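Trainee:
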Amino acid sequence: MNKDRILKSAQYDGEKFVNATPMPQQGLSFFPKMIRQQMFEKMQPSAPKLPIPVQTITPEQLANLPANETVFFKLGHSSLLLWIENEFWLIDPVFSDRVSPFSFMGPKRFHPTPLSIADLPDIKGVILSHNHYDHLDEAAIKALNAKVENFYMPLGVGASLVQWGVSIDHIHEFDWYESVDVGALTLTATPSQHFSGRGLSDRNQSLWASWVIKSSQHNIYFSGDSGYFSGFKDIGTQYGPFDISFMETGAYNTLWPDVHMMPQQTVQAFIDLKGSVLVPIHNSTFDLSVHAWFDPLEQVLKYSNEKNIKLLVPKMGDPVNLNAIPELKTWWQELM
Numbered sequence: 000m001n002k003d004r005i006l007k008s009a010q011y012d013g014e015k016f017v018n019a020t021p022m023p024q025q026g027l028s029f030f031p032k033m034i035r036q037q038m039f040e041k042m043q044p045s046a047p048k049l050p051i052p053v054q055t056i057t058p059e060q061l062a063n064l065p066a067n068e069t070v071f072f073k074l075g076h077s078s079l080l081l082w083i084e085n086e087f088w089l090i091d092p093v094f095s096d097r098v099s100p101f102s103f104m105g106p107k108r109f110h111p112t113p114l115s116i117a118d119l120p121d122i123k124g125v126i127l128s129h130n131h132y133d134h135l136d137e138a139a140i141k142a143l144n145a146k147v148e149n150f151y152m153p154l155g156v157g158a159s160l161v162q163w164g165v166s167i168d169h170i171h172e173f174d175w176y177e178s179v180d181v182g183a184l185t186l187t188a189t190p191s192q193h194f195s196g197r198g199l200s201d202r203n204q205s206l207w208a209s210w211v212i213k214s215s216q217h218n219i220y221f222s223g224d225s226g227y228f229s230g231f232k233d234i235g236t237q238y239g240p241f242d243i244s245f246m247e248t249g250a251y252n253t254l255w256p257d258v259h260m261m262p263q264q265t266v267q268a269f270i271d272l273k274g275s276v277l278v279p280i281h282n283s284t285f286d287l288s289v290h291a292w293f294d295p296l297e298q299v300l301k302y303s304n305e306k307n308i309k310l311l312v313p314k315m316g317d318p319v320n321l322n323a324i325p326e327l328k329t330w331w332q333e334l335m
């Protein structure tokens, strides 16, 4: 991809991408601590004993969505299908059974996706937050390629898509605070506090981002992955308020507090962003830390109630119209 743009980025230090605030380096004790956690401190159940409820999304349903409305479907983890400005969009689409370099090992999904890639209609665009396996799915990108008009992502992520057969003409990379108009939509890549890499040799060689999606009717925020940082207030001031905010809530751990928020921090970040409705993502699909599978939802419910925040946790595959936000249903408590 365009190396000149990477070299000119304020987020690139000449060797790698960096966060706005430097993060402490992981010492030699990190991996022994992580192994000890997995062996002795992992909370149970780490995966649901009963099936996660999934509402099947049918092609007929998608063909009959209301014109000029905004509707979203949670597909699992951080993956979203969005109907906006009479076009379909995908955000961080992951359809594979495992989020790992290997098809036979690594975190395995708790539930099927609400629809297959084959049942998807044509997609106006795919928005990507960063290149970790639980957000950038090689098999999904390859299968989606023929259906997708364009792909939008942070700087450096496009190199993987080119390797997987996506035409460079359909790849659009963004630095933080860069925007593009796509019809009536404006997409803006905004900061997050995280890292990148898919192997041993590419750590922080591509950028990570959150996204602002502004239509003629609604203003939407997608956090991607992030630790809590002052950038949320800046984004809220510059781009808020937001009608709906998809906020990372899950995979947190005291061993990596700078790159994944605790649920209390998720709620504070939502407040900083000037959000109206909080939809927790990054949970209930993969086991990526040591907390119980339901803990992210229980914790964000607790802190949202304390702050009198509108929380929404739709079942996988349930349609949500932004002009008719439903009441919260705590479906996960039936599975605890």
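Numbering-wise (this note's numbering), the sequence shown opens with residue 0 and increments by one.
All residues carry an ideal CB built from backbone N, CA and C; glycine is no exception.
What you are looking at is a predicted structure, and each value in this text was computed from that prediction instead of being measured.
1. Grouping DSSP H, G and I as helix and E and B as strand, with all else coil, what is residue 86?
2. Output needed for residue 269: all residues of its chain with C-beta closer than 7 Å, excluding positions within five of it in sequence on either side, in chain order.
3. Any idea what DSSP makes of residue 326, helix, strand or coil?
4. Take every Cβ of the segment 129-141, pair it with every Cβ of the segment 150-162, and state whether three or more of those distances are shorter than 8 Å.
5. Under 8 Å: do the segment 294-307 and the segment 257-269 share three or more Cβ pairs, one atom per stretch?
6. DSSP on residue 230, reduced to helix/strand/coil?
7. For a test of the three-state rule: what should DSSP assign to residue 175, helix, strand or coil?
8. I need the boundaries of the beta strand (DSSP E) containing residue 244, first residue and last residue.
9. Nearest by alpha-carbon distance to residue 145: which of 25, 155, 163 is it?
10. Hey, could you find the ends of the beta strand (DSSP E) residue 124 is sitting in?
11. Would you mind working out which of 304, 207, 87, 285 sits nearest residue 66, comparing C-alpha positions?
12. What's the call for residue 71, buried or exposed, on a 16-neighbour Cβ count within 10 Å?
13. Relative to the C-alpha of residue 235, which residue among 215, 174, 275, 179 is closest?
14. Check whether the Cβ atoms of residue 185 and residue 213 sit closer than 8 Å, and answer yes or no.
15. Going by DSSP, which residues form a beta bridge with residue 116?
Mentor: If we stick to the structure as given:
1. Locating residue 86 in the sequence shown gives position 87, counting from the first residue. DSSP places residue 86 in strand when its eight states are reduced to three.
2. Here residue 269 is taken as the residue at index 270 of the sequence shown, counted from 1. Closer than 7 Å at the Cβ level, and outside the excluded window around residue 269, lie 244, 246, 277, 308.
3. Locating residue 326 in the sequence shown gives position 327, counting from the first residue. Three-state result, residue 326: coil.
4. Taking a cut-off of 8 Å for Cβ pairs, the segment 129-141 and the segment 150-162 touch, as three or more such pairs fall below it.
5. The segment 294-307, when compared against the segment 257-269, does touch it at the 8 Å Cβ threshold.
6. Numbered from 1 along the sequence shown, position 231 holds the residue referred to as residue 230. Residue 230: helix per DSSP, three-state reduction.
7. Mapped onto the sequence shown, residue 175 falls at position 176. In this structure, residue 175 counts as coil in the three-state DSSP scheme.
8. What you label residue 244 is simply residue 245 of the sequence shown in a count that begins at 1. 243-247 is the span of the beta strand (DSSP E), which, as asked, contains residue 244.
9. Against the sequence shown, residue 145 aligns to sequence position 146. Here the closest residue by C-alpha is 163.
10. In the sequence shown, counting from the first residue as 1, residue 124 sits at position 125. Where residue 124 is concerned, the enclosing beta strand (DSSP E) stretches over 122-126.
11. Residue numbering aside, residue 66 sits at position 67 when the sequence shown is read from its first letter. Of the listed residues, the one whose Cα sits closest to residue 66 is 87.
12. Mapped onto the sequence shown, residue 71 falls at position 72. Answer is buried; the Cβ neighbour count reaches 16.
13. Position 236 of the sequence shown, counting from 1, holds the residue named residue 235. If we check each option's Cα against that of residue 235, 275 comes out closest.
14. Position 186 of the sequence shown holds residue 185. Position 214 of the sequence shown holds residue 213. Yes.
15. For the purposes of this step, residue 116 is taken as residue 117 along the sequence shown, with counting starting at 1. According to DSSP, which records beta bridges pairwise, residue 116 is partnered with nothing at all.
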